[in-house]
Amino acid sequence: MSAITARIDVAKAEGRAVLVGYLPVGYPTVETSLEAMRVLVEAGCDIVEVGPPYSDPLLDGPVIQHAAATALEHGVRVDDAFRAVNVVAEAGAVAVIMSYANLMLSRGWERFADDLVAAGGAGVITPDLTPDAAPEWIAAARERDVDTIFLSAPSTTRERMKLTADASRGFVYATSLMGVTGERASVGDAAADVVRRTREAGAERVCVGLGVSTGVQAAQVAQYADGVIVGSAFVKALGDGETWRRCAPRSRNSPRASGVRRDPGLDP
Amino acid sequence: MKSLVRLARDYTGRPSIITEVPRFARHAGGARVFLKREDLNHSGSHKINNVLGQALLTKRIGKKRVIAETGAGQHGVATATAAALMDLDCVIYMGEEDTERQALNVARMRLLGAEVIPVATGTRTLRDAINEAFRDWVANVDTTNYVFGTAAGPHPFPAMVRDFQRVISVESREQMLALGGLPDAVLACVGGGSNAIGSFDAYLDDADVRLIGCEAAGDGVETGRHAATLTGGRPGILHGSMSYILQDEEGQTQPSHSISAGLDYPGVGPEHTWLASIGRAEYWPVTDAEAMEAFRLLTRTEGILPAIESSHALAGAIRLGREPGSRGDAAGHAVWPRR
Ligand SMILES: Cc1ncc(COP(=O)(O)O)c(C=O)c1O
């Protein structure tokens with residue numbers, strides 16, 4: 003069993019969903035982002051998604067776009083993402099990478115998987131790679147027991163849901179809405195429906211991302227999903243150094259994943 | 035299909051004519067040079083061929099809003115034109131730098147009722163406009179169709195755009211036969227590659243006809259400031275397809291540079307990569323300076339003002355005509371001057 007499914011199943015046994023935190027590596031600096039990932043783990047993230055910055059983040063809203071552009075300006079490299087994976091793993095959470103496909107192709111699918119394993123990572127989320135276009139990646143990942151995490155969305159047809167569920171390991175990343183990353187006022191009704199349809203297509207574990215930013219939203223999503231993915235809200239807190247400094251020490255003491263236990267106390 | 039053929043005739047003004055340009059050709063080693071005049075299409079470029087097809091599809095699937103990216107502004111103008119004709123809401127994304135260097139086309143789009151959104155991220159050019167259009171599309175796909183402007187991007191755009199642009203070579207092949215025979219070569223400029231693939235397609239089985247795509251070499255490929263993707267790039271994934279792209283060793287897209295906004299793109303349609311890899315088509319880098327010289331020549335010798343994009347193909351024609359051993363007879367040139 004993969005580290006990801008094991009972690010999700012432990013949480014399930016505890017009656018909660020896993021909390022998955024996303025941070026781009028290198029924002030505002032490499033060292034601060036590594037420290038922030040450590041803080042996420044200490045504050046109760048079960049899984050941390052490490053994002054190597056990419057020049058054309060098609061599926062990201064302004065907050066993560068800005069973070070990626072800043073990181074690239076500072077000369078952040080894909081190797082820094084593997085360093086971050088190592089930091090997360092050492093801190094005791096499960097580490098995955100969320101990467102645009104060209105960074106993986108450029109390094110080589112096999113080498114990417116090798117480097118991930120060497121750093122102690124468990125899987126890769128590929129937002130711009132569909133399973134039918136990814137036979138090389140899937141083969142490389144299977145050989146090394148790296149989980150392949152593909153996305154399902156409100157627009158995904160039944161046939162493609164099945165393709166996605168079959169090709170995914172660890173969990174399926176269900177997007178709560180049609181759109182790019184970023185905070186939203188509320189999590190729409192579409193989210194529960196995508197989760198239901200993804201499960202019907204055969205996925206055993208489904209986590210929900212996009213637009214989840216508050217404790218209340220996280221608690222809502224935890225009612226029907228196996229995991230709650232928070233990205234832009236953390237990135238924003240980090241960019242605004244004040245918020246981060248205020249919330250970091252407090253998060254350290256907060257009960258593990260309190261937000262996904264239906265307790266809206268996660269909010270900084 | 036019937037509606038498209040009717041619109042092509044009664045709205046676009048197809049078939050577009052072929053103009054022989056003998057005074058210009060004197061500078062091309064004496065080869066005969068023919069221009070396929072896509073500039074005479076309604077709205078001023080080949081872009082309308084593709085847009086009318088995609089706008090009809092938009093109506094057919096019941097969507098009310100179209101979005102598009104544009105570089106030089108020609109695709110934006112064509113999309114705004116079709117949107118006005120077919121009563122669709124229209125939003126055009128355009129890199130901020132391009133809105134400045136192509137301000138006239140911004141005004142045309144606005145007159146046609148489109149909203150033009152300048153994109154200030156990244157390199158502020160075509161590539162960033164495409165990123166932003168995709169972000170809009172993924173959020174509004176229920177109501178909106180993305181009218182992609184070139185033969186690149188995710189499936190099915192490369193094939194669909196080729197099929198809508200194929201009319202260029204279907205016509206020019208017949209016209210050249212009527213003028214006495216197939217050309218030795220067909221040249222076209224390559225940004226994403228829609229006019230080029232449309233110009234090549236009907237000639238693919240004519241093994242004796244050379245197909246030459248002219249890429250924007252900016253200041254020169256060796257300077258690193260260029261947009262010659264097939265000459266200076268390597269395989270990668272950008273905007274949903276795998277092709278050649280300009281990128282660093284990590285896979286980060288590199289900024290492209292060209293005097294011509296319509297060719298200033300660090301990717302290229304996947305079918306061109308294929309044609310290059312099997313040796314069926316050649317891709318030549320043409321610098322800003324060479325394109326400007328060809329622009330000046332055509333203007334002064336023939337009274338035809340070409341687009342700066344198309345001027346890259348004209349420069350290629352000059353180079354081809356001067357090639358040692360060039361047979362120096364009919365060279366059919368698919369070239370799209372703009373008014
Ligand atoms: C006249 C003209 N030719 C060529 C192009 C480049 O596009 P493509 O390579 O898709 O033909 C443009 C783009 O704006 C254009 O306006």
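Chains as they are written, first to last, in the numbering used here: chain A, 3 to 270; chain B, 35 to 373. Just so it is clear, CB atoms sit at the ideal spot from N, CA and C, and this is done for glycine as well. Computed from a predicted structure; not experimentally measured.
Can you give me the C-alpha to C-alpha distance between residue 98 of chain A and residue 252 of chain B, rounded to a whole angstrom? In the first sequence, counting from the first residue as 1, residue 98 of chain A sits at position 96. In the second sequence, counting from the first residue as 1, residue 252 of chain B sits at position 218. Cα to Cα, the separation comes out at about 40 Å.
Could you check the C-alpha separation between residue 214 of chain A and residue 225 of chain A for me, to the nearest Å? In the first sequence, residue 214 of chain A corresponds to position 212, counting from 1. In the first sequence, residue 225 of chain A corresponds to position 223, counting from 1. So the alpha carbons of these two residues sit roughly 14 Å apart.
Please name the residue or residues paired with residue 237 of chain B in a DSSP beta bridge. For this step, residue 237 of chain B is matched to residue 203 along the second sequence. Bridge partners of residue 237 of chain B: none, in fact.
Hey, would you say residue 293 of chain B sits closer than 8 Å to residue 328 of chain B, going by beta carbons? Locating residue 293 of chain B in the second sequence gives position 259, where the first residue counts as 1. Locating residue 328 of chain B in the second sequence gives position 294, where the first residue counts as 1. Contact flag unset, no.
CA-CA distance, residue 192 of chain A and residue 178 of chain A? Counting from 1 along the first sequence, the entry for residue 192 of chain A is found at position 190. Counting from 1 along the first sequence, the entry for residue 178 of chain A is found at position 176. For residue 192 of chain A and residue 178 of chain A, the distance between alpha carbons rounds to 6 Å.
Short of 6 Å in beta carbon distance, which residues of its chain neighbour residue 69 of chain A, apart from the five on each side in sequence? Order them along the chain. Against the first sequence, residue 69 of chain A aligns to sequence position 67. Its chain contains 26, 29 and 237 as the residues whose beta carbon lies nearer than 6 Å to that of residue 69 of chain A, once the 5 sequence neighbours on both sides are disregarded; these appear in chain order.
Note down the Cα distance separating residue 114 of chain B from residue 263 of chain B, rounded to an integer number of angstroms. Here residue 114 of chain B refers to the residue found at position 80 of the second sequence. Here residue 263 of chain B refers to the residue found at position 229 of the second sequence. Their Cα atoms are separated by approximately 29 Å.
Suppose the cutoff is 7 Å on Cβ atoms and the five residues either side in sequence are ignored; what does the same chain contact list for residue 331 of chain B look like? For the purposes of this step, residue 331 of chain B is identified with residue 297 of the second sequence, where counting begins at 1. Only 58 and 61 meet the Cβ criterion.
Rounded straight-line distance, which links the Cα of residue 177 of chain B to that of residue 107 of chain A: In the first sequence, residue 107 of chain A corresponds to position 105, counting from 1. In the second sequence, residue 177 of chain B corresponds to position 143, counting from 1. Taking the straight line joining both Cα atoms gives about 33 Å.
Inter-residue spacing [alpha-carbon to alpha-carbon] between residue 247 of chain B and residue 221 of chain B: Your numbering for residue 247 of chain B matches position 213 in the second sequence. Your numbering for residue 221 of chain B matches position 187 in the second sequence. Linking residue 247 of chain B to residue 221 of chain B through their CA atoms gives a straight-line distance of about 6 Å.
Note down, in chain order, each residue of its chain lying with its Cβ closer than 7 Å to the Cβ of residue 163 of chain A, except the 5 sequence neighbours on either side. If you number the first sequence from 1, residue 163 of chain A lands on position 161. Cβ within range, chain order: 154, 199, 200 and 203.
Determine which residues share a DSSP beta bridge with residue 318 of chain B and list them. Locating residue 318 of chain B in the second sequence gives position 284, counting from the first residue. In the DSSP assignment, residue 318 of chain B is bridged to B:248.
From this set, A:195, A:220, A:187 and A:31, which residue's C-alpha is nearest residue 159 of chain A's C-alpha? Your numbering for residue 159 of chain A matches position 157 in the first sequence. Measuring C-alpha to C-alpha distances from residue 159 of chain A to each of A:195, A:220, A:187 and A:31 identifies A:195 as the nearest.
Status (buried if at least 16 other CB within 10 Å, exposed otherwise) for residue 344 of chain B: Residue mapping note: residue 344 of chain B aligns to position 310 of the second sequence, counting from 1. Label assigned to residue 344 of chain B: buried.
Sub-8 Å separation of residue 125 of chain A and residue 43 of chain A beta-carbons: Taking the first sequence and counting its residues from 1, one reaches residue 125 of chain A at position 123. Taking the first sequence and counting its residues from 1, one reaches residue 43 of chain A at position 41. Cβ atoms of residue 125 of chain A and residue 43 of chain A: not closer than 8 Å.
Would you say the beta carbon of residue 219 of chain A comes nearer than 7 Å to a heavy atom of ligand 1? Residue numbering aside, residue 219 of chain A sits at position 217 when the first sequence is read from its first letter. Not under cutoff, so the answer is no.
Using alpha carbons as the reference points, say which of A:85, A:140 and A:128 lies closest to residue 121 of chain A. As a position in the first sequence, residue 121 of chain A is number 119, starting the count at 1. Residue nearest to residue 121 of chain A within the set A:85, A:140 and A:128 is A:85 (criterion: CA-CA distance).
Given 7 Å as the limit, tell me if residue 224 of chain B has its C-beta closer than that to any heavy atom belonging to ligand 1. Residue 224 of chain B sits at position 190 when you count from the first residue of the second sequence. Within the cutoff, so yes.
Consider the Cβ of residue 153 of chain A: report whether some Cβ of chain B lies at a distance smaller than 8 Å. Your numbering for residue 153 of chain A matches position 151 in the first sequence. By this cut-off, residue 153 of chain A is not an interface position.
Does residue 305 of chain B have its Cβ less than 8 Å from a Cβ in chain A? Here the question's residue 305 of chain B lines up with position 271 in the second sequence. Answer no: the Cβ-Cβ gap between residue 305 of chain B and chain A never drops below 8 Å.
With hydrogens ignored, establish whether the beta-carbon of residue 222 of chain A is closer than 7 Å to any heavy atom of ligand 1. Within the first sequence, numbered from 1, the residue matching residue 222 of chain A stands at position 220. Not one heavy atom of ligand 1 sits closer than 7 Å to the Cβ of residue 222 of chain A.
Under 8 Å (Cβ pairs) to chain B, residues found in the stretch 182-199 of chain A: For the stretch 182-199 of chain A, the set of positions with a beta-carbon nearer than 8 Å to some beta-carbon of chain B reads 182 in chain order.
Is there contact here, the stretch 13-22 of chain A with the stretch 46-54 of chain A, by at least three beta-carbon pairs under 8 Å? Yes, since at least three Cβ pairs between the stretch 13-22 of chain A and the stretch 46-54 of chain A fall closer than 8 Å, the two stretches touch.
Integer Cβ distance of residue 319 of chain B from residue 273 of chain B, believed to fall under 8 Å: Residue mapping note: residue 319 of chain B aligns to position 285 of the second sequence, counting from 1. Residue mapping note: residue 273 of chain B aligns to position 239 of the second sequence, counting from 1. Contact annotation, residue 319 of chain B with residue 273 of chain B: C-beta distance approximately 22 Å; criterion of less than 8 Å not satisfied.
Counting only beta-carbon atoms, is residue 104 of chain A nearer than 8 Å to chain B? Locating residue 104 of chain A in the first sequence gives position 102, where the first residue counts as 1. So, interface residue.
May I ask you to check if the CB of residue 108 of chain B is nearer than 7 Å to at least one heavy atom of ligand 1? Within the second sequence, the letter at position 74 stands for residue 108 of chain B. Yes, ligand 1 has a heavy atom inside 7 Å of this Cβ.
Ignoring anything shorter than 3 residues, give me the beta strand (DSSP E) runs that lie fully in the stretch 79-165 of chain B, in order along the chain. Within the stretch 79-165 of chain B, the runs of beta strand (DSSP E) at least 3 residues long that lie entirely inside it are, in chain order, 99-104, 123-129 and 149-153.
Exposed or buried, what is residue 36 of chain B when buried is set at 16 or more other beta-carbons lying within 10 Å of its beta-carbon? Residue numbering aside, residue 36 of chain B sits at position 2 when the second sequence is read from its first letter. Classification of residue 36 of chain B: exposed, given that the 10 Å Cβ count is below 16.
Going by DSSP, name the residue or residues bridged to residue 53 of chain A. As a first step, residue 53 of chain A must be located in the first sequence, where it is residue number 51. DSSP output for residue 53 of chain A lists A:26 as bridge partner(s).
May I ask you to report which of helix, strand or coil DSSP gives residue 106 of chain A? Stepping through the first sequence from its first residue, residue 106 of chain A is reached at position 104. Annotated three-state conformation of residue 106 of chain A is helix, per DSSP.
Endpoints, alpha helix (DSSP H) assigned at residue 160 of chain A: Position 158 of the first sequence holds residue 160 of chain A. Element bounds for residue 160 of chain A: 160-169.
Limits of the beta strand (DSSP E) - the one that residue 66 of chain B falls within: As a first step, residue 66 of chain B is located in the second sequence; it is residue number 32 there, counting from the start. Annotation: the continuous beta strand (DSSP E) that includes residue 66 of chain B extends over 66-70.
When B:122, B:108 and B:121 are compared against residue 132 of chain B, the one with the closest alpha-carbon: Translated into the one-based positions of the second sequence, residue 132 of chain B becomes position 98. Comparing C-alpha distances from residue 132 of chain B to each of B:122, B:108 and B:121 shows the shortest one belongs to B:108.
Below 8 Å on the Cβ atoms is my guess for residue 346 of chain B versus residue 280 of chain B; work out the distance and round it to an integer in Å. In the second sequence, counting from the first residue as 1, residue 346 of chain B sits at position 312. In the second sequence, counting from the first residue as 1, residue 280 of chain B sits at position 246. Wrong, their Cβ atoms sit about 17 Å apart, outside the cutoff.
From residue 112 of chain A to residue 219 of chain A, what distance separates their C-alpha atoms? Taking the first residue of the first sequence as 1, we reach residue 112 of chain A at position 110. Taking the first residue of the first sequence as 1, we reach residue 219 of chain A at position 217. Spanning the two alpha carbons is a distance of roughly 37 Å.
Assuming residue 105 of chain B and residue 349 of chain B form a contact by the criterion Cβ under 8 Å, report the distance between their Cβ atoms to the nearest whole angstrom. Residue 105 of chain B sits at position 71 when you count from the first residue of the second sequence. Residue 349 of chain B sits at position 315 when you count from the first residue of the second sequence. Their Cβ separation, rounded to whole angstroms, is 19 Å, which puts residue 105 of chain B and residue 349 of chain B out of contact at 8 Å.
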